[in-house]
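A short write-up of the structure that comes next.
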Amino acid sequence: MMRKLAILLMSSLLMSAGSALATGDAEAGKVKAAVCAACHGADGNSVVPTFPKLAGQHPSYIIKQLVELKAGGRKDPVMGPMALALTEQDQADLAAFFSSQKKKIESISGDYAAGEKMYRGGIKEKGVAACMSCHGPDGAGNPTAKFPAIGGQHAPYVTKQLNDFKAGNRANDLNGMMRDVSANLTEKEMADVAKYISALY
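Counting in this note's numbering, the sequence shown runs without a single skipped number right up to 207 at its last residue.
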């Protein structure tokens, strides 16, 4: 009797663990993403520069943001209510779809040497680490650490996130790393590095 009970208990635990680790279905995600298209574009390449591109983003990062938006760990007046209705399977499906899309990189003009210097070398005198130490030399990020791919992201969106971290309006960064970095950046430095990131691939 005890053996049967143990087997039954183990089976139920395995089933619940399986549902917690939902595998994303990109085709299902494409259907579910129809409601996201107005802001993020049909393929995750938003045309409005204040809305982030989701195409090519790591699924682990997309899921992390949706979970935190739903739970209130990340505050956003538009995305918070949208995330509330999503199940774990919805999150996984949307992440699978958007991560499978190709991010479009826009060509930029002008001088972005200051942003490149900051991205690759940081600002030593301010104790600001190089962006590439977490986000990689080409902006591809780190999916294991849930550090986002930022290369090719819209410059206005990047600037807004840096400002939100600096003001404390966004606080879902690992160990406060982005809040520490942004606290030491001027508006010009944010704009410079954001411009460089937008052309990075």
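We put the CB at the ideal spot given by N, CA and C, even for glycine.
Quiz item: What's the gap between the Cα of A48 and the Cα of A40?
Solution: In the sequence shown, residue 48 corresponds to position 42, counting from 1. In the sequence shown, residue 40 corresponds to position 34, counting from 1. Roughly 7 Å separates the two Cα atoms.
Exercise. Give every residue of the same chain whose Cβ lies closer than 8 Å to the Cβ of D198, excluding the five residues on either side of it in the sequence, and list them in chain order.
Key: The residue labelled residue 198 in the question sits at position 192 within the sequence shown. Within the same chain, and ignoring the five residues on either side of D198 in sequence, the residues whose Cβ sits closer than 8 Å to its Cβ are Y118, A120, G121 and M124.
Exercise. Taking all protein chains shown into account, decide if P58 is buried (16 or more other Cβ within 10 angstroms of its Cβ) or exposed.
Key: Counted from its first residue, the sequence shown places residue 58 at position 52. Looking at its Cβ environment, which holds 16 or more other Cβ atoms inside 10 Å, P58 is buried.
Quiz prompt | Three-state secondary structure (DSSP) of V84 | solution = Indexing the sequence shown from 1 puts residue 84 at position 78. Correct three-state label for V84: coil.
Practice problem: Could you check if A89 is buried or exposed, using at least 16 other CB atoms within 10 Å of its CB as the buried criterion? | Solution: For this step, residue 89 is matched to residue 83 along the sequence shown. It is buried - the Cβ of A89 has at least 16 other Cβ atoms within 10 Å.
Self-check item: Inter-residue Cα distance where the pair is P87 and G79
Solution: Taking the first residue of the sequence shown as position 1, residue 87 is located at position 81. Taking the first residue of the sequence shown as position 1, residue 79 is located at position 73. About 13 Å.
Self-check item: Where V84 falls, given that 16 or more other Cβ within 10 Å makes a residue buried
Solution: For this step, residue 84 is matched to residue 78 along the sequence shown. Exposed, because fewer than 16 other Cβ atoms sit within 10 Å of the Cβ of V84.
Quiz item: Buried or exposed: where does K70 fall if 16 or more other Cβ atoms within 10 Å of its Cβ makes it buried?
Solution: In the sequence shown, counting from the first residue as 1, residue 70 sits at position 64. Its Cβ being crowded by 16 or more others within 10 Å, K70 is buried.
Quiz item: Can you tell which of T165, L75, H141 and Q95 has the C-alpha that lies nearest to the C-alpha of H64?
Solution: Taking the first residue of the sequence shown as position 1, residue 64 is located at position 58. It is H141.
Self-check item: Buried/exposed call for P143, threshold 16 Cβ in 10 Å
Solution: By one-based count along the sequence shown, residue 143 stands at place 137. Burial call: exposed.
Exercise. Under 8 Å Cβ to Cβ from I68, same chain only, skipping five residues before and after it: list those, please.
Key: As a working note, residue 68 is residue 62 in the sequence shown. Within its own chain, the residues whose Cβ lies closer than 8 Å to the Cβ of I68, once the five positions on either side in sequence are excluded, are L60, Q97, L100, A101, F104 and S105, listed in chain order.
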